[in-house]
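*Asks:*
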Amino acid sequence: MSSQRRNKTQIQPGAAKIKKDFRIRYEEALNPSQLDAVTCTEGPLLVIAGAGSGKTRTLTYRVAYLVEKGISPASILLLTFTRKASQEMLRRATRFLDARCEKIAGGTFHSFANAMLRKYASQMGLDPAFGILDRTDAENLIGMLRKEMHPATKHRSFPRRKTLADIFSRAVNKGLAIEDIIDQDYPHFASHLAVITRIHNDFQVRKQDHHFLDYDDLLIYLRRLLSDYADIRNRISSMYQYIMVDEYQDTNTIQAEILYFLTDVVKNIMVVGDDSQSIYAFRGANFRNIIEFPNIFPGTRIITLEENYRSIQPILDLTNVIIDRAKEKYSKNLFTRKTGDTRPVMVNSEDEYSQSRFVVDKIKDLHRKGVALNQIAVLFRASFHSFDLEIELNREGIAFVKMGGFKFVESAHIKDVLAHMRVIANPYDRISWYRILLLIEKIGPKTAQKIYEAALNEKSGYTGLLSAKLGPVKGLDRLKNLIAALDIHPMNVSQMGETIIDYYMPILKNNYDDHPRRAKDLEHLIGIMERYKNLNQFLTDMALEPPNTSFENSLYDGASHADRMILSTIHSAKGLEWHTVFVIWTLDGRFPSVHTLHKEDELEEELRLMYVAATRAKENLFFTYPSNVYDRSTGLILNRPSRYLDLIPDHILEKDFEYR
DNA sequence: TCACGGAATATTTTT
DNA sequence: TATTCCGTGA
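Each residue of the first sequence is one higher than the last, beginning at 140 in this note's numbering.
(1) Taking C-alpha atoms, which residue in Ala-558, Asp-490 and Ile-553 lies nearest to Asp-527?
(2) To the nearest angstrom, how far is it from the Cα of His-327 to the Cα of Gly-209?
(3) In this structure, does DSSP put Pro-731 in helix, strand or coil?
(4) With Asp-785 as the anchor, note down where its alpha helix (DSSP H) starts and where it stops.
(5) Looking only at its own chain, which residues have a Cβ that is under 7 Å from the Cβ of His-506, when we skip the five neighbours before and after it?
(6) Is it buried or exposed for Ile-627, if we count other Cβ within 10 angstroms and need 16 for buried?
(7) Could you tell me if Gln-394 is buried or exposed, where buried requires 16 or more neighbouring beta carbons within 10 angstroms of its beta carbon?
(8) I want to know whether the stretch 620-639 touches the stretch 649-659 - three or more CB-CB distances under 8 Å.
(9) Does the distance from the C-beta atom of Ala-138 to that of Ser-550 stay below 9 Å?
(10) Can you look up Tyr-354 in the DSSP assignment and give me helix, strand or coil?
(11) By how many angstroms is the C-alpha of Val-404 removed from the C-alpha of Lys-147?
(12) With burial defined as no fewer than 16 other Cβ atoms inside 10 Å of the residue's Cβ, what is the status of Met-283: buried or exposed?
(13) Could you check if Met-263 is buried or exposed, using at least 16 other CB atoms within 10 Å of its CB as the buried criterion?
(14) Should the stretch 384-394 be regarded as contacting the stretch 404-414, the criterion being three or more beta carbon pairs within less than 8 Å?
(15) Three-state secondary structure (DSSP) at Val-404?
(16) Give, in chain order, every unbroken run of the alpha helix (DSSP H) that is at least 4 residues long and sits entirely within the stretch 400-450.
(17) May I have the straight-line CA-CA distance separating Tyr-764 from Val-733, to the nearest angstrom?
(18) Is Lys-147 helix, strand or coil when you go by DSSP?
(19) According to DSSP, is Lys-508 part of a helix, a strand, or is it coil?
(20) Does the ligand NAP have a heavy atom nearer than 8 Å to the CB of Lys-194?
(21) Measuring straight from C-alpha to C-alpha, what distance separates Glu-744 and Ser-417?
(22) Have a look at Gln-588 and Arg-617 and give me their C-alpha separation to the nearest angstrom.
(23) Looking at the structure shown, is Val-562 part of a helix, part of a strand, or coil, going by DSSP?
(24) With DSSP as the reference, label Ile-776 as helix, strand or coil.
(25) Is the beta carbon of Ala-168 less than 9 Å from the beta carbon of Asn-312?
(26) Closest to Leu-576 by C-alpha separation, out of Val-540, Lys-713, Asn-565 and Lys-619, would be which residue?
(27) So, does the stretch 367-382 touch the stretch 339-357, judging by three or more C-beta pairs under 8 Å?
(28) So Ile-461 and Ala-753 are in contact, right, with Cβ under 8 Å, and what is the actual spacing, rounded?
(29) Let me confirm a value: Asn-692 is counted as buried when at least 16 other C-beta atoms fall within 10 Å, else exposed. Which label applies?
(30) In the DSSP assignment, what are the bridge partners of Val-486?
(31) Going by Cα to Cα distance, which pick from Val-548, Ser-488, Leu-683 and Arg-574 is closest to Phe-220?
(32) How would you label Ala-329, buried or exposed, when you count the other beta carbons within 10 angstroms and need 16 or more for buried?
(33) Could you give the first and the last residue of the continuous alpha helix (DSSP H) run that contains Leu-315?
(34) What are the residues that DSSP puts in a beta bridge with Gly-270?
(35) Using alpha carbons as the reference points, say which of Gln-343, Ile-306 and Phe-721 lies closest to Tyr-325.
(36) Just how far apart, CA to CA, sit Phe-269 and Lys-554?
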């Protein structure tokens with residue numbers, strides 16, 4: 140790119156300045172393009188960072204550089220895709236430089252929105268003590284409303300609550316009407332449009348009435364705050380003079396607009412991303428954000444990071460071929476200095492079972508040769524693709540962790556306990572009331588509703604339950620005692636948690652045959668509570684910044700955590716790397732999935748997903764696909780390798796292996 | 001009105 | 001795997 144030449148000449152004065160008295164030797168730690176990206180601090184900057192090109196490293200050093208330059212940490216804002224990412228970068232910057240880096244405002248768009256809204260919400264007529272609905276809460280609420288629309292939802296063809304939540308969220312994140320989403324993505328529900336729209340309206344109203352914001356609302360409200368209230372916009376945007384955004388390819392239009400407003404006063408904004416790795420369009424991410432960035436911010440400098448530090452040349456040869464087929468992208472030319480002569484391999488197996496056998500045998504083999512288990516990963520398109528493999532791994536006693544999929548806080552027993560706390564925090568929280576009431580035997584939806592209404596009639600907050608005039612309801616006494624106990628003694632968060640868990644234990648034992656495992660989770664939860672002084676803070680964090688990984692399951696004390704191999708969806712593998720990577724189910728119809736075959740955009744996204752998967756590997760890369768798989772939904776027999784790998788020449792992808 | 005059992009169903013996921 | 005949904009009987 141011709142602009143890059145210009146960049147180089149411009150940067151020289153800055154680069155010279157570094158040498159004098161800065162503590163960190165930036166020019167030694169970084170390659171020339173990375174150094175460019177770090178030292179170019181003024182004005183809009185777009186960094187296209189290819190896979191494995193040291194993106195995180197660059198961001199981290201840039202944070203340190205800004206601080207070392209004397210910029211106040213409080214005026215630096217670092218927005219990332221996950222909370223963990225920003226924490227990690229700030230932690231490393233702190234190690235390189237000093238504790239000033241800890242003062243930098245960092246987090247996700249959602250946590251930033253939360254912070255700003257708590258501060259300024261009242262000015263836009265929003266209760267600053269608003270509660271946050273996580274995805275499950277939103278689904279439950281939608282489920283309640285769905286049921287209230289009884290007659291129409293009786294048909295089997297009516298979308299389930301999860302699907303409804305999906306539709307609603309997609310509409311927000313893509314900035315489209317419900318109707319458009321149905322048209323585009325769910326044409327088979329077209330006949331239910333009217334009812335779906337009604338449920339959606341009710342959903343919005345309920346949230347407002349109860350002062351609840353769901354994840355999408357956080358962004359919507361922040362955007363409104365910034366667009367409609369000039370004085371607040373002014374205040375916020377003069378506070379953050381240097382803004383950095385990671386994973387820009389996975390931001391959606393609302394987030395791009397938020398950034399636009401945030402830079403109203405000062406336009407020192409840097410975004411980093413790789414359009415080739417954009418894999419969240421189903422959630423509203425718009426990879427064109429990255430392509431349009433220079434149009435929105437005139438004078439944008441573009442820096443491309445093209446040296447890959449991760450993979451050996453044969454792997455890069457393959458990934459370059461894969462991504463070459465993408466229609467719309469910034470051109471970049473990744474290169475590596477890592478040589479090697481092991482070509483990526485495509486393995487055809489007879490069926491799913493022999494696919495699992497191949498992977499297991501290969502893992503045992505590698506492990507014997509000295510590759511640590513935690514340097515081996517198996518990646519797949521969808522969470523359930525690993526079920527069969529998990530069985531085989533268990534049988535062979537190979538320790539693994541599965542990433543992605545279910546979260547700690549989303550599991551039913553954790554939500555049960557949290558619901559009790561939420562009722563205390565917000566007595567009008569109908570969802571939580573229902574949840575805890577339904578746990579009691581002989582109480583179903585109807586009874587729960589009666590109790591809820593009677594309790595709220597007392598107008599005395601959650602203690603309304605104690606004085607509510609109710610006919611005798613069996614089993615409610617224990618709950619009443621609990622509420623009374625919580626009311627009488629002032630407690631900190633963890634004491635409250637323990638009291639609730641004491642109450643909840645019998646219910647847990649009754650409801651789940653695997654209660655010992657779940658009880659362990661609850662202990663873990665207490666541990667987390669101990670870090671909090673404030674109930675609301677705790678509940679907010681549980682929604683916005685939940686403890687991340689789906690922890691060690693029951694094998695807590697089995698193999699040491701360090702020596703386990705990794706099973707992961709490709710989405711959850713973003714940004715990670717391993718010595719050896721297996722991508723299973725690279726079968727046309729599974730990857731890309733049959734759902735996407737007739738949608739061009741989605742096929743493009745699947746292609747990028749394959750690219751992300753392949754670029755995780757450092758030394759070894761295997762693709763496997765079983766033959767003769769019957770697809771129930773379409774009636775097709777699937778037996779071709781993924782179209783993204785099918786026509787690649789043999790000298791790049793070795794293809795004639797068979798395993799049975 | 002509730003509990004229970006069996007069947008159906010499932011892309012992907014962070015917030 | 002694990003939830004969710006629906007029908008049935010009490």
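Just so you know, even glycine gets a beta-carbon here, dropped at the ideal spot from N, CA and C.
*Replies:* This is what the structure holds:
(1) Asp-490
(2) 58 Å
(3) coil
(4) No alpha helix (DSSP H) holds Asp-785; DSSP gives it neither H nor E.
(5) Leu-512
(6) exposed
(7) buried
(8) no
(9) In the structure as shown, the chain begins at 140 and stops at 799. Residue 138 is therefore absent and cannot be evaluated.
(10) helix
(11) Bear in mind that a pLDDT of 38 at Lys-147, under 50, signals an unreliable position, so the number given afterwards is only what the model happens to contain. Going by the C-alpha atoms only, they are around 27 Å apart.
(12) buried
(13) exposed
(14) yes
(15) coil
(16) 427-435
(17) 15 Å
(18) Only weak support exists for where Lys-147 lies, its pLDDT of 38 falling under 50; the coordinates are left without a value.
(19) coil
(20) With respect to the ligand NAP, the structure shown offers nothing to examine, as it has no ligands at all.
(21) 7 Å
(22) 18 Å
(23) helix
(24) strand
(25) no
(26) Lys-619
(27) no
(28) 6 Å
(29) Per-residue confidence for Asn-692 stands at a pLDDT of 38, beneath the threshold of 50, marking its modelled position as unreliable; no derived number is given.
(30) Thr-763 and Phe-796
(31) Leu-683
(32) exposed
(33) Leu-315 -> no alpha helix (DSSP H), and no H or E assigned at all.
(34) Phe-351
(35) Ile-306
(36) 19 Å
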